[in-house]
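Asker:
2 protein chains.
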Amino acid sequence: MTQGLLYPSLGLEDAVLLSSRGDGLHIAPDQPRRDQISDAPQATCFDLARLLDRSSRRFSGLISAELTRLGIDDIGPSQVMVLLAVGDTEVSVGELLDRGNYVGSNISYYLKQLGDGDYIDRVTSQRDKRSARIRLSEKGRQLCADLRVAAKAFERAFCVEQDLRDLATAFQALHRLELMWANAARYGV
Amino acid sequence: MTQGLLYPSLGLEDAVLLSSRGDGLHIAPDQPRRDQISDAPQATCFDLARLLDRSSRRFSGLISAELTRLGIDDIGPSQVMVLLAVGDTEVSVGELLDRGNYVGSNISYYLKQLGDGDYIDRVTSQRDKRSARIRLSEKGRQLCADLRVAAKAFERAFCVEQDLRDLATAFQALHRLELMWANAARYGV
DNA sequence: GAATTTACTTCAAAACTTGAAGTAAATTTC
DNA sequence: GAAATTTACTTCAAGTTTTGAAGTAAATTC
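Just so you know, the protein sequences line up as chains W and A, in that order. Residue numbers for the first sequence follow the numbering used here, so the first one is 1 and each next one is one higher. Residue numbers for the second sequence follow the numbering used here, so the first one is 1001 and each next one is one higher.
Encoded structure:
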């Protein structure tokens, strides 16, 4: 791609991007070819980071659209992420911080809105009264369920066996990468 | 994990998270075990999205730290992402929009700051005077080079052959997923 | 050559993020 | 067992980033 080849590279073909503007003619091929990887341009960690960024944005956009469709306008995609992070468990704020790598005040901000919108229940822990325990309210659970239904549509579009295996690999590889980035951030590369 | 198993799942072990707060004791093992994947909990697309989100945040953090180290404080990680998107090529604003899936006004905002800081050169295209052509200035190129040097350190920490292959797979899988998300956003699931 | 489209930019409001400071409960120390 | 420290948050007041609605001006189409 660009960036030169100074950097450890992941074999891949040059990214074919789907234009998100204009005439709608620049559709990328459905099936990026998996052959010819070996002699294709290489991607750097920066390319990967940009891909993550872009993908996140896309996902947020999707969630936004879905929220609109569901007639929900008191929370946005960021709050939904927190909702998803809570999941079916009962967590403390601290756990949420770890799960999403948020900053404390940030989570507080989201939880306030989620609380105001009645998407979560907050109970002060009896054990440790400093600690707030969070879980989804019925409304929150319902929203998550609705989102899962929407996501189901992807399953149908994305159910090729190989894709799922690749995504599983992707998940693990990314997870390891995330840990390294985290360590680097903490201990200075 | 949570979310139930209602959703197409990617086999993976339960995420071992690295605490980003507190005593610094909760370090995740260096080498997450690759066995026992088969009978491990499953991750949903939502889990993947959260991972992307988290990873992006981590990467931004890293870039921020690096910028500070380099004594740069007139731009932040978001602007750097744009810089990286420009790369060694000369692009129009429209191309950048596509590359990063940004909104127009957003890119304008970043480019303004990058321009003010002299990280980029902007030339009005002679062909089409509406179109601005962007490329890195010497300063911008230098910054990118510096960042690559910093990133080099990762290479050493992350150079296991298998990891690189996994990341390559991850890149492709994610890229395909991104395209699908983009399509979904455009054509409504 | 008027109307439309494209390629942006600007502006103002909203959303999000950060960091410093605060509160209150738990724990440790003396 | 009281004082000091630490933990687990919350609040606030900046920032920064993102969005969306309006612009502007050059190209295209009719």
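Idealized CB from N, CA, C, for every residue including glycine.
Output the boundary residues of the alpha helix (DSSP H) element that contains residue 1086 of chain A.
Answerer: Note, residue 1086 of chain A: alpha helix (DSSP H), 1077-1086.
Asker: Suppose you measure from the CA of residue 151 of chain W to the CA of residue 116 of chain W; what does that come to, to the nearest Å?
Answerer: Looking at the two C-alpha atoms, the distance is approximately 26 Å.
Asker: If you follow the alpha helix (DSSP H) that residue 1063 of chain A is in, where does it begin and where does it stop?
Answerer: 1045-1069 is the extent of the alpha helix (DSSP H) around residue 1063 of chain A.
Asker: Any C-beta of chain W within less than 8 Å: which residues of the segment 1107-1141 of chain A qualify?
Answerer: Hits within the stretch: zero.
Asker: Quick check: the Cα distance between residue 1054 of chain A and residue 97 of chain W, rounded to an integer number of angstroms?
Answerer: Roughly 11 Å between the two C-alpha positions.
Asker: Would you check if the segment 1075-1088 of chain A and the segment 1055-1064 of chain A touch, i.e. whether three or more CB-CB distances between them fall below 8 Å?
Answerer: Counting Cβ pairs under 8 Å, three or more are found: they touch.
Asker: Relative to the alpha-carbon of residue 1057 of chain A, which residue among A:1046, A:1081 and A:1166 has its alpha-carbon at the smallest distance?
Answerer: Among A:1046, A:1081 and A:1166, the Cα nearest to that of residue 1057 of chain A is on A:1081.
Asker: Compute the Euclidean distance between the alpha carbons of residue 1169 of chain A and residue 48 of chain W, then round it to the nearest angstrom.
Answerer: Between residue 1169 of chain A and residue 48 of chain W, the C-alpha separation is close to 11 Å.
Asker: When the distance is taken between beta carbons, is residue 122 of chain W closer than 7 Å to residue 134 of chain W?
Answerer: A contact, by the Cβ cut-off of 7 Å.
Asker: Does DSSP put residue 25 of chain W in a helix, a strand or coil?
Answerer: Annotation note: pLDDT 33 at residue 25 of chain W (below 50); position unreliable, coordinate value reported separately. Here residue 25 of chain W sits in coil by DSSP.
Asker: How long is the line joining the alpha carbons of residue 145 of chain W and residue 1142 of chain A, rounded to whole angstroms?
Answerer: Cα-Cα distance, rounded: 49 Å.
Asker: Can the beta-carbon of residue 1164 of chain A be found less than 7 Å from the beta-carbon of residue 174 of chain W?
Answerer: Going by C-beta atoms, residue 1164 of chain A is not nearer than 7 Å to residue 174 of chain W.
Asker: Might you give, ordered along the chain, the residues of its own chain that have their beta carbon closer than 6 Å to the beta carbon of residue 110 of chain W, omitting 5 neighbours on each side?
Answerer: Around residue 110 of chain W: 79 and 82.
Asker: So the alpha helix (DSSP H) residue 103 of chain W belongs to, where does it begin and stop?
Answerer: Careful: residue 103 of chain W lies outside any alpha helix (DSSP H) and carries neither H nor E.
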